[in-house]
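Numbering (my numbering), first residue to last: 1179 to 1297. So the structure is just underneath, and the comments pick up after that.
Structure, rendered in structure tokens:
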């Protein structure tokens, strides 16, 4: 057995070289190749606020590899908004938010609910 001071000269690897896995966070992020990165652009003058909101929501989903144009994804999106509305209703019932805040936030959720239909 060689001592620790003596260099060892291993032979060729017994099998094919292993795959190197990067644990760098940036390497784990995946952006689908088919989805170009949107740059900040000025909205078209004829777009409604609902269309702008839909584009914003769609951009968020595309960033994570999904699209609201997919019926299954749109259903999950609407279910999540329904859960959010239930939380808002509960917050109103327990006095955590006032009627004005509840009305404002509920209006925002209602606007978001139509985003898949605007695409």
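Positions of the beta carbon are idealized from the N, C-alpha and C atoms, including for glycine.
| query | result |
| --- | --- |
| List the whole-angstrom C-beta distance separating residue 1251 from residue 1244, where the pair is believed to meet the contact cut-off of C-beta under 8 Å. | 5 Å |
| Label residue 1223 either buried or exposed according to how many other C-beta atoms from any shown protein chain fall within 10 Å of its C-beta, with 16 as the threshold for buried. | exposed |
| Cα separation between residue 1276 and residue 1296? | 31 Å |
| What whole-angstrom Cβ distance do residue 1236 and residue 1292 have, given they're in contact under 8 Å? | Contact flag wrong, Cβ pair sits at about 12 Å. |
| Going by Cα to Cα distance, which pick from 1262, 1273, 1274, 1269 is closest to residue 1289? | 1262 |
| Who are the Cβ neighbours of residue 1266 in its own chain at under 8 Å, not counting the five residues just before and after it? | 1275, 1280, 1283, 1284, 1287 |
| Secondary structure at residue 1234, three-state DSSP: helix, strand or coil? | helix |
| What is the DSSP secondary structure of residue 1287, counted as helix, strand or coil? | helix |
| Taking the alpha-carbon positions, what's the residue 1242 to residue 1225 distance? | 25 Å |
| With H, G and I counted as helix, E and B as strand and the rest as coil, what does DSSP make of residue 1225? | coil |
| Per DSSP, what kind of secondary structure is residue 1217 in: helix, strand or coil? | Any answer about residue 1217 is weak, because its pLDDT of 48 lies below 50 and its placement is not dependable; what the coordinates show is given next. In this structure, residue 1217 counts as coil in the three-state DSSP scheme. |
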